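>
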Amino acid sequence: MPTEKRRNPRRTAVLRFNVHYTDVNGVDRYEIVNARDLSPSGCKLLLRCASAPRSLAYLSSPPSIQTSATVRYQNPTARGYETGLEFTGGFVLDTAAFVGGSVQ
Numbered sequence: 358m359p360t361e362k363r364r365n366p367r368r369t370a371v372l373r374f375n376v377h378y379t380d381v382n383g384v385d386r387y388e389i390v391n392a393r394d395l396s397p398s399g400c401k402l403l404l405r406c407a408s409a410p411r412s413l414a415y416l417s418s419p420p421s422i423q424t425s426a427t428v429r430y431q432n433p434t435a436r437g438y439e440t441g442l443e444f445t446g447g448f449v450l451d452t453a454a455f456v457g458g459s460v461q
């Protein structure tokens, strides 16, 4: 049985997001972070604080990207929480302008 759960291939990204989310203690957080990888349906980035699974994060990247995303997973690292987000509301990102090579 395959373990791959991704709906779309991921690619290394060159995209900076303004991220607003609520941490596990209910505190509102705001960060400006680079996406680590990107697909049409989601992204991976590094956040300073843990947030609850399935909680919402609000993303923007001026001038034209504004969407929300659901936290799908978080893995603790020495520098923060590697966070996988899935875009919500049918938002699909045209990744052509923001991606580099393939991510394994």
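Letter by letter, the sequence shown follows residues 358 to 461 of the numbering used here. Even glycine gets a Cβ: it sits at the ideal position worked out from N, Cα and C. Please read these numbers as outputs of a predicted model, since none were measured by experiment.
(1) Quick one: which unbroken beta strand (DSSP E) runs of 3-plus residues sit fully inside the stretch 388 to 453? Chain order, please.
(2) With a 10 Å radius around its C-beta and 16 neighbouring C-beta atoms as the bar for buried, classify A370 as buried or exposed.
(3) For R465 versus C406, is the C-beta distance shorter than 7 Å?
(4) Across which residues does DSSP place V376 in a beta bridge pair?
(5) Measuring only the C-alpha atoms, how far is S398 from R429?
(6) Measuring only the C-alpha atoms, how far is E439 from G383?
(7) In chain order, what residues of the same chain lie with their CB nearer than 8 Å to the CB of D380, ignoring the 5 residues before and after it?
(8) Are the Cβ atoms of F448 and L416 separated by less than 7 Å?
(9) Can you check whether the CB of L404 is closer than 7 Å to the CB of G441?
Judging by the given coordinates:
(1) 399 to 404, 413 to 418, 422 to 434, 437 to 444
(2) Counting the other CB atoms within 10 Å of its CB gives A370 a total of 16 or more, which places it among the buried residues.
(3) Residue 465 is absent from the model: the chain starts at 358 and stops at 461.
(4) E388, L416
(5) 12 Å
(6) 19 Å
(7) R386, C406, A407, S408
(8) no
(9) no
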